[in-house]
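Keeping their order, the protein sequence lines are chains A and B. Residues in the first sequence are numbered from 1155 upward in steps of one, following the working numbering. Residues in the second sequence are numbered from 1155 upward in steps of one, following the working numbering. Yeah, the Cβ is synthetic: ideal placement off N, Cα and C, and Gly gets one too. Note that the structure is a prediction, hence the values are computed from the model and not measured. One structure is given below, encoded as structure tokens.
There are 2 protein chains.
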Amino acid sequence: MSSPPQADWLIHNSLVLTLEPGRAPISDGYVAVAGGKIAAVGQAKAPEELPPSLTRLDAGGSVVMPGLVNTHCHAAMVWFRGLADDLALQEWLTKFIFPAEASWLNPERVYWGTLLAAAEMIRAGITTVADGYFYENEVRRALAAAGLRAVAAQGVVDFPAPGVPDPRDNLKAAAEFIDSGGAPPFDLITSTLFCHSAYTCGPETLEQAKDLTRRRNLPFFIHLAETRREVRELRDKTGLKPAFYLDRLGLLDERTVIVHGVWLEPDEQDLLADRGVKVSHCPESNLKLAAGVAPVPELLGRGVAVGLGTDGAASNNNLDLWGEMSLAARLHKVWRRDPTVLPAAQAAALATREGARVLGLEEKIGTLAPGKDADLIVVDLHRPHLTPMFDPFSHLVYAGGPHDVLHVMVGGRWLLQNRQFTTLDWPAVRSRIQAESRDLAAFCQKRPFFDP
Amino acid sequence: MSSPPQADWLIHNSLVLTLEPGRAPISDGYVAVAGGKIAAVGQAKAPEELPPSLTRLDAGGSVVMPGLVNTHCHAAMVWFRGLADDLALQEWLTKFIFPAEASWLNPERVYWGTLLAAAEMIRAGITTVADGYFYENEVRRALAAAGLRAVAAQGVVDFPAPGVPDPRDNLKAAAEFIDSGGAPPFDLITSTLFCHSAYTCGPETLEQAKDLTRRRNLPFFIHLAETRREVRELRDKTGLKPAFYLDRLGLLDERTVIVHGVWLEPDEQDLLADRGVKVSHCPESNLKLAAGVAPVPELLGRGVAVGLGTDGAASNNNLDLWGEMSLAARLHKVWRRDPTVLPAAQAAALATREGARVLGLEEKIGTLAPGKDADLIVVDLHRPHLTPMFDPFSHLVYAGGPHDVLHVMVGGRWLLQNRQFTTLDWPAVRSRIQAESRDLAAFCQKRPFFDP
């Protein structure tokens, strides 16, 4: 065996959680990074056992693990966080969100809003995000500037939308978006499309959109079975349960990602498993909007790949995948009345390895293994709320939080070091957002503060 | 009107949330503290409008609000956090928790464990905690050293317990504990007792314990209706639903606090409302143990005072009341299929004002009002995940977290300044805990890391 090449970075003195199936945590562990990829993962009981490297980071006993994978987000909606909460879905959408999107949002605001979202996600240890929105070229530009890995998906609906006033252009706009991606500075970004739903896209649009992504071997996203009302109306219209409706249109295959899937019934779950369809689970959003609880243990039991998503900050209201891990691990226990459901290590896998699988990125990211891209985070386990430490997965899922992330690396490049941004100019982002948010508040004729 | 006396501290340039009913947030607000009490709360658009003070803290636009009130905790159980998770309740208790409590725990470890818990709670903005455990004199000593306000309750069970080997001594031990409190250094601590449950305490113990607390006008705590099994067994034995059983024993009055109350039925909820009984709601623990979802909107609708509790870290696994606020606000929406249930401002009130009411401390704490004790926290709202800000209650409940707390004051004394402890020697606590946790792991013959 030849000696290893010199690494660019060596992160050592750490507890390495590779998230590779069956691999135990590595104490006194190290991860070597070279050329943007993971060169080696190993154990060194003494300094002389460490491989050579240009630069070293002593993790001080912290955890090193794969970056978190957010499988569903509408990043730019951070603008609307806390603008209106605790309302019925229709009132929230029609009085606040739709008017603001239609008349207040513009490409520049999508760009700056996405930078704001990127700041929050980087600080929370998210290294990959699947985003779907309008003006997605601006989203892609902002995510590239922030250095995040992403699947950026142009939103498709059959009615006038921001940036696509004539819905007959919706697939043309999506194709142009897709075809303008790929090369630097977008080399960490997969460009695709996001059909909003079966109630906002007609069957022809759905079929053509899927065809467009299938020809390019791209993931195809769709919100499905989020609310009972949606399911009822679709059945009234088509006579079919949502998953069977999509199947009739030929939409279900291994590159299709169903977002929410709250009301999927057992025969639909079987169908998704047969077709290799993936699911993005967004429990905080589902609870806040009172949508329901997705049948996640049932899907996992059928071998369906499930990842976690934050959804947009208007309905969550945060882009914190730690909260989703914690809630997923707890919620399905009480829902099934079984405290052994979704144990901590499995919840951690959903937020990393399985999220990568949902996005079709499992060859590149999701675990720490030689040859994969170097997307990793360093998590401080020495704080009061994480002391003492018996099981790192338990701490990550049930006690840790976004604030425990110290360092974040994507493709071998640091995005956060000692909680300081290295790619983003946060004061500039913040002052821009603050100034324009006053305008947004005026636009919405903001309701008064709620009386406690 | 005479001019106001000089304050010890003036916290200014803040958004003050008094949590007084009907009082709107005060922008450009200040809080003046004198002699450990709140001297004034007001608005100053210009520096010359600020009242005189010895010392000033410019909050830089952050929120100032009442400290959080944790109405249920077993602080010293932080020792057992992450030691065993995702197990059936009986296995968890009998294989891990009971043996460790019986043979590994000792007074000194309860003291140090409580210091560790205090460190976590202070960093999370908790200023008052209601604790129930064994060796409660050590708990009280540690909480006093940390400077926290507390209701410390000596655990009472009708079987041999740590520190009380003969259960016939359980009420004597509790009375001694109570009678040794009150004076400095315990002047911020109410000393009382905690009857573990109706299945671990016989009717005579319950009656006598309640009598003991009633004569001293102290709160009386009891876990009740946490699991369906507990309810079924109690009904098999007594023929009564849990609340009616306690009522038959004369236990229900305005100083009784029922912890959990997951399976309280409508007629029991009516009874609690009639008797003025209080309830401590611990949703994260209830989910993780798959106990169920407490009927909180129903209790609130009947006018029952409900506070939030973290429970112990062995079953939660954190002492973070922010997570409880967020989960309470979300969970009851999906449970009732109504997104308007438990709006953000109400959830924030449960964590502060209503928690104080549950503990019978509403005259002293829970809101920011002149004459009340100065228990307050300063929360940074300028971070990426809290930008922009339209509604401070929305941000506190749905987006904020324990790490956003900058400063913590109890009774006019700072416990945390710029996230640095002023009363606790964290390195000393941490090294002590780390060393002894190895011994605990060996004691438990720790199961191997779970395979992800």
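*State the start and end residues of the unbroken beta strand (DSSP E) segment that holds Ala-1427/B.*
Looking at the DSSP string, Ala-1427/B is not in any beta strand (DSSP E); the run it does join, the alpha helix (DSSP H), is 1420-1429.
*Locate the alpha helix (DSSP H) running through Arg-1672/A, then write down its first and last residues.*
Past the edges of chain A, shown from 1155 to 1606, lies residue 1672/A, and the structure says nothing about it.
*Bridge partners of Leu-1169/A, per DSSP?*
Val-1217/A
*Can you give the Cα-Cα distance for Asp-1605/A and Leu-1515/A, rounded to whole angstroms?*
Because the pLDDT at Asp-1605/A is just 37, under 50, the model does not fix this residue reliably, and the value given afterwards should be weighed accordingly. Distance between the alpha carbons of Asp-1605/A and Leu-1515/A is about 47 Å.
*Excluding five sequence neighbours on each side, which residues of the same chain lie with their C-beta closer than 7 Å to the C-beta of Leu-1454/B?*
In the same chain as Leu-1454/B, and ignoring 5 residues on each side of it, the C-beta atoms closer than 7 Å to its own belong to Val-1460, in chain order.
*My guess is that Val-1232/A and Ala-1271/A are in contact by the Cβ rule of under 8 Å, so how many angstroms apart are they, rounded?*
5 Å
*Inspect the beta-carbon positions of Val-1310/A and Ala-1328/A and report whether they are closer than 7 Å.*
The answer is yes: Cβ separation under 7 Å.
_Chain-order list of residues whose beta-carbon lies under 6 Å from that of Glu-1422/B (same chain, five-residue window excluded)_ = Lys-1395, Ala-1397
*Which partner residues of Arg-1303/B appear in the DSSP bridge assignment?*
Thr-1282/B
*Looking at C-alpha atoms only, which residue of Leu-1425/A, Thr-1392/A, Pro-1420/A is the closest neighbour of Leu-1406/A?*
Leu-1425/A
_Among the candidates Ala-1468/A, Phe-1544/A, Gly-1477/A, whose CA atom is the shortest distance from the CA of Leu-1243/A?_
Of the listed residues, the one whose Cα sits closest to Leu-1243/A is Ala-1468/A.
*Would a C-beta distance cut-off of 7 Å place Ala-1300/A and Thr-1577/A closer than the cut-off?*
yes
_Spatial neighbours of Ile-1376/A within its chain, please: C-beta separation below 6 Å, excluding the five flanking residues on both sides._
Cys-1349
*Is there a Cβ from chain B that is less than 7 Å from the Cβ of Arg-1544/A?*
Contrary to the premise, residue 1544/A reads as Phe rather than Arg in this sequence. For Phe-1544/A, the closest Cβ of chain B is nearer than 7 Å.
*Residue ranges of each alpha helix (DSSP H) run of no fewer than 4 residues wholly in the stretch 1440-1468 of chain B, ordered along the chain?*
1450-1455
*Give every residue of the same chain whose Cβ lies closer than 7 Å to the Cβ of Gly-1214/B, excluding the five residues on either side of it in the sequence, and list them in chain order.*
Asn-1167
*Taking the DSSP output, what are the residues bridged to Leu-1570/B?*
Val-1562/B, Phe-1575/B.
*asked:* Output needed for Phe-1288/A: all residues of its chain with C-beta closer than 6 Å, excluding positions within five of it in sequence on either side, in chain order.
replied: Gly-1309, Ala-1315, Pro-1316, Gly-1317
*Might you give, ordered along the chain, the residues of its own chain that have their beta carbon closer than 7 Å to the beta carbon of Ala-1503/B, omitting 5 neighbours on each side?*
Leu-1173
*At least 3 beta-carbon pairs within less than 8 Å: the stretch 1215-1226 of chain B vs the stretch 1524-1532 of chain B*: Below 8 Å, enough C-beta pairs join the stretch 1215-1226 of chain B and the stretch 1524-1532 of chain B to call them touching: three or more.
*Show which residues of chain B have a CB atom less than 7 Å away from the CB atom of Val-1447/A.*
Val-1488
*Sorted by chain position, which residues of the same chain lie with C-beta nearer than 8 Å to Arg-1382/B's C-beta, five sequence neighbours on each side aside?*
Trp-1417, Gly-1446
*Return the residue from the list Asp-1545/A, Asp-1320/A, Ile-1587/A that minimises the CA-CA distance to Gly-1236/B.*
Asp-1545/A
*Starting from His-1377/A, follow its DSSP beta bridges and name the residues at the other end.*
Ser-1351/A, Val-1413/A
*Cβ neighbour criterion (16 or more within 10 Å) applied to Asn-1440/B*: buried
*Identify the contact partners of Trp-1580/A in chain B, using a Cβ-Cβ distance below 8 Å as the criterion.*
Simply Pro-1538.
_Run through chain A and tell me which residues come within less than 7 Å of Arg-1491/B, C-beta to C-beta._
Ala-1444
*Inter-residue Cα distance where the pair is Leu-1204/A and Val-1305/A*: Between Leu-1204/A and Val-1305/A, the alpha-carbon positions lie close to 35 Å from each other.
_Give me, in chain order, the residues of the same chain whose beta-carbon lies closer than 7 Å to that of Asp-1534/B; leave out the 5 immediate sequence neighbours on both sides._
Ser-1216, Asp-1558, Leu-1560
*Output, in sequence order along the chain, the residues in the stretch 1492-1505 of chain A whose CB is closer than 9 Å to any CB in chain B.*
Asp-1492, Pro-1493, Thr-1494, Val-1495, Leu-1496, Pro-1497, Ala-1498, Ala-1499, Gln-1500, Ala-1502, Ala-1503
*Could you tell me whether any Cβ in chain B is nearer than 7 Å to the Cβ of Thr-1123/A?*
Limits of chain A in this structure are 1155 at one end and 1606 at the other, which puts residue 1123/A out of reach.
*Output, in chain order, the set of chain A residues within a Cβ distance shorter than 9 Å of Glu-1419/B.*
Within chain A, no C-beta atom comes less than 9 Å from the C-beta of Glu-1419/B; the nearest is roughly 18 Å away.
*Within 10 angstroms of the Cβ of Ser-1181/B, are there 16 or more other Cβ atoms? Answer buried if so, exposed if not.*
Exposed is the call here.
_Buried or exposed for Thr-1494/A, going by 16 or more other Cβ atoms inside 10 Å?_
exposed
*Measuring CB to CB, does Val-1411/A end up less than 7 Å from Ser-1434/A?*
yes
*Short check: CB of Ala-1623/A to CB of Ala-1188/A, under 7 Å?*
Because chain A here runs from 1155 to 1606, residue 1623/A falls outside it and cannot be looked at.
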